[in-house]
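*Asks:* Each step along the sequence shown adds one to the number in this note's numbering, with nothing skipped, and position 27 is 27.
Just passing along the structure, written as structure tokens.
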Amino acid sequence: MQRSAEIFWVFLRLGCIAFGGPVAHLGYYRRWFVDERQWLTDAAYAQLMALSHMLPGPSSSQTGFAIGLHRGGLAGGLAAWVGFTLPSAVIMIAFGVGTMAFAELGNAGWLQGLKLAAIAVVANALYGMARQLCPDRPRALIALGAAMGVSFMPGIAGQVSVIVAGGLVALLIMPPPSVNDVDGPAPLSPRIGIAALALFGIGVVLVGLPVLDIAPAWTALYRSGALVFGGGHVVLPLLESGLVNPGIIEGDRFLAGYGLAQAVPGPVFTFGGYLGTQALPDMPIWAGLLGVVTLFAPGLLLMAGLLPFWGHVSRYARAQQALLGINAAVVGLLAAVLWDPLLTGGIRQLSDAGIAGAALAALSLGRVPAYLVVAACAALAQLLTYLPSG
């Protein structure tokens, strides 16, 4: 119990200052837990990162969860996740509750600013992911095909299809990557791993049953968490397809919450807390907490389920080969959602394009922190509403 409390407080402190997105989070982890506290070795940390990047879900949160598992078993993993997630989850749920006071958000200048900030953040993420995940012609073609595929076949079925197709195409046209024969840390017993995988599988089956049509928001959140490869930004098209297209959440409210999620410390997946408040406004706090847990659960269950067996699985080059194509496909998914609904729904006039372009330049060229860019976009767009039109 004492070790779990230590893990919680360390991760809580980190969750209050961890701005910058998943890549920055991984840098914080290495400095805090490998260099300073020596909770694990560089080799063990590299193995945890490798596994988190092979699994669907929020890679930085999964890595933090795995560090907690490595340090303190299952209780330590949960303590790490709760501590790191709590600050941003509180902010996102509070924002969701606050927006309930506004019956109509569509004409709010600050809301438009958040949407423009989201465009810049996603465009910047797309550029970085494309450079890293599509460095050669085969993977660039997979990404292009995925973007075209979801344009012709919108919805969750199309997104799942292009993700699977990306992995299959990679198996056919790409050479297997080299594999390091290194055993990763296994802080959990195989029995716990099997139980976690069983819970994950039960969840996947349940979200596909017609009986759960009465809870479409929660099925959409779990399904998105189970399918998202490539980090927090890639969850956007999955959530948009499952929550906005069916009319569960208004598009303006959806993009406003996503824009704010870029300005808070910690994981982007706490966006699920905001979405929960919007999906069930009669009990927003409980719905927000449920939204956070539901979106995170698949990725955490997979990490707990596969970590005991990672030393064996990591030796299979074909699995990593398929993952190369899957990652390229999610770049195409992100490109498609950048076009529609972000650009088509967010750019209404020339000034909008100017704000979004300046925000993108600040992020990519000026290296301005995302939270400052989001705040500036919201403030500038609100100021423009006070100027006389025409």
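No residue lacks a Cβ here, since even glycine has one placed at the ideal position from N, Cα and C.
1) Measure the C-alpha to C-alpha separation of threonine 239 and alanine 94 and round it to an integer number of angstroms.
2) Is leucine 360 helix, strand or coil by DSSP?
3) Under 8 angstroms between the Cβ atoms of proline 284 and valine 97?
4) Return the CA-CA distance between tryptophan 32 and phenylalanine 84, expressed in angstroms with no decimal places.
5) Using the Cβ count rule (16 or more neighbours within 10 Å means buried), how would you classify proline 298?
6) Taking the Cβ atom as the reference point for each residue, do valine 373 and leucine 363 lie within a distance shorter than 8 angstroms?
7) Comparing C-alpha positions only, which one of Gly288, Leu114, Val292, Arg71 sits nearest to proline 187?
8) Flag this pair as touching only if the stretch 258–277 and the stretch 194–208 have three or more C-beta atom pairs under 8 angstroms; answer yes or no.
9) Since alanine 80 and isoleucine 91 are thought to touch, with beta carbons under 8 angstroms apart, how far apart are those beta carbons, to the nearest angstrom?
10) Just reading off the alpha helix (DSSP H) that arginine 39 is part of, what are its end residues?
11) Could you check whether the stretch 287–294 touches the stretch 126–142, counting it as contact only if at least three pairs of C-beta atoms, one from each stretch, sit closer than 8 angstroms?
12) Tell me which same chain residues have a C-beta within less than 6 angstroms of the C-beta of proline 138, skipping the five on either side of it?
13) Using a Cβ distance threshold of 8 angstroms, determine whether the stretch 240–247 contacts the stretch 345–353, with at least three qualifying pairs required.
14) Which runs of the alpha helix (DSSP H), 4 residues or longer, sit entirely within the stretch 9–96?
15) Quick check: the stretch 198–211 against the stretch 219–230, are there 3 or more CB pairs under 8 angstroms?
16) Please look up how many angstroms separate the CB atoms of glycine 15 and leucine 86, rounded, as I've assumed it's under 8 angstroms.
17) In or out: valine 205 buried (at least 16 other Cβ within 10 Å) or exposed?
18) Output the boundary residues of the alpha helix (DSSP H) element that contains proline 187.
*Replies:* On the basis of the data shown:
1) The residue given as residue 239 occupies position 239 in the sequence shown. The residue given as residue 94 occupies position 94 in the sequence shown. The sequence given here places leucine at residue 239; threonine does not occur at that position. Distance between the alpha carbons of leucine 239 and alanine 94: 20 angstroms.
2) Counting from 1 along the sequence shown, the entry for residue 360 is found at position 360. The answer is helix: DSSP assigns leucine 360 an H, G or I state.
3) Residue numbering aside, residue 284 sits at position 284 when the sequence shown is read from its first letter. Residue numbering aside, residue 97 sits at position 97 when the sequence shown is read from its first letter. If you check the CB distance, proline 284 and valine 97 come in under 8 angstroms.
4) In the sequence shown, the residue the question calls residue 32 occupies position 32. In the sequence shown, the residue the question calls residue 84 occupies position 84. Using only the alpha carbons, I get a separation of about 13 angstroms.
5) The residue given as residue 298 occupies position 298 in the sequence shown. Counting Cβ neighbours within 10 Å, proline 298 comes out buried, since at least 16 surround it.
6) For the purposes of this step, residue 373 is taken as residue 373 along the sequence shown, with counting starting at 1. For the purposes of this step, residue 363 is taken as residue 363 along the sequence shown, with counting starting at 1. The answer is yes: Cβ separation under 8 angstroms.
7) Residue mapping note: residue 187 aligns to position 187 of the sequence shown, counting from 1. For the residues Gly288, Leu114, Val292, Arg71, the minimum Cα distance to proline 187 belongs to Arg71.
8) Put simply, the stretch 258–277 does not touch the stretch 194–208. Fewer than three CB pairs are less than 8 angstroms apart.
9) For the purposes of this step, residue 80 is taken as the residue at position 80 of the sequence shown. For the purposes of this step, residue 91 is taken as the residue at position 91 of the sequence shown. Contact doesn't hold; Cβ gap of about 19 angstroms is too wide.
10) As a working mapping, residue 39 is identified with position 39 in the sequence shown. Note on residue identity: the sequence assigns tryptophan, not arginine, to residue 39. Annotation: tryptophan 39 is outside any alpha helix (DSSP H) and is labelled neither H nor E by DSSP.
11) Result no; under three Cβ-Cβ pairs closer than 8 angstroms.
12) Position 138 of the sequence shown, counted from the start, is the residue given in the question as residue 138. Only Ile173, Met174 meet the Cβ criterion.
13) No, they do not touch.
14) Correct list: 22–29, 42–54.
15) Under the three-pair Cβ rule at 8 angstroms, the stretch 198–211 counts as touching the stretch 219–230.
16) Working through the sequence shown from its first residue, we reach residue 15 at position 15. Working through the sequence shown from its first residue, we reach residue 86 at position 86. So it is a contact: roughly 6 angstroms between Cβ atoms.
17) Walking along the sequence shown from the start, residue 205 turns up at place 205. With fewer than 16 other Cβ atoms from the protein chains shown falling within 10 Å of its own Cβ, valine 205 counts as exposed.
18) For the purposes of this step, residue 187 is identified with residue 187 of the sequence shown, where counting begins at 1. In the DSSP assignment, proline 187 falls outside any alpha helix (DSSP H) and carries neither an H nor an E.
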